[in-house]
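Numbering (the working numbering), first residue to last: 184 to 361.
This is the structure we're talking about:
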């Protein structure tokens, strides 16, 4: 249970600052003013649909393309938005998974686990897409590193490397000041 709390706090911190954002007035429009759209996870709350829809096809049209493909502010805004939605879904679904395991409901636990993994998969897709768009090689590399760490997370709370997530968050904060 402690690992769940640590993962939740780290993931929330990672997404809340998003590590990105130039503080410029153009940030919200660059992100399209709404969460990236796309396919929804079945039965998930609106946050779930945004997180899973924040995959590779979801971010482009509503996100970074509006202010130039390699624009760091747009890449940061899209990354921040997708991360916040994914973390919201991930935390909710891991909580549901833990509750279902406690209630001996294997079906509900498996469904929640799949939704949590779908949120992370969508986030990884956005990171991959935004990494390809980034013109700053440091930002591109960082988004790739973050994608790899999220891949390692999956829905396995024990797989969270708190130190690595914190290190990546600090690098992201430097490249995308808030």
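C-beta: ideal position from N, C-alpha, C; glycine also.
Check                                                                                                                                    : Outcome
Sort 262, 295 and 263 by Cα distance to residue 272 and report the nearest one.                                                          : 295
Secondary structure at residue 272, three-state DSSP: helix, strand or coil?                                                             : helix
In three-state terms, what does DSSP make of residue 320?                                                                                : helix
What's the gap between the Cα of residue 263 and the Cα of residue 309?                                                                  : 10 angstroms
Taking buried to mean at least 16 other C-beta atoms within 10 Å of its own C-beta, is residue 318 buried or exposed?                    : exposed
Starting from residue 356, follow the alpha helix (DSSP H) in both directions and report where the run begins and ends.                  : 345-358
Tell me the DSSP secondary structure of residue 254 in three-state form.                                                                 : coil
Please classify residue 282 as buried or exposed, where buried requires at least 16 other C-beta atoms within 10 Å of its C-beta.        : exposed
In angstroms with no decimal places, state the Cα-to-Cα distance between residue 316 and residue 266.                                    : 17 angstroms
Classify residue 305 as buried or exposed, calling it buried when 16 or more other Cβ atoms lie within 10 Å of its own Cβ.               : buried
By how many angstroms is the C-alpha of residue 333 removed from the C-alpha of residue 345?                                             : 11 angstroms
Nearest to residue 270 by alpha carbon, out of 301, 320 and 284?                                                                         : 301
Assign residue 290 to one of two classes, buried (16 or more other C-beta atoms within 10 Å of its C-beta) or exposed (fewer than that). : exposed
Quick check on residue 293: buried or exposed, where buried means 16 or more other Cβ atoms within 10 Å of its Cβ?                       : exposed
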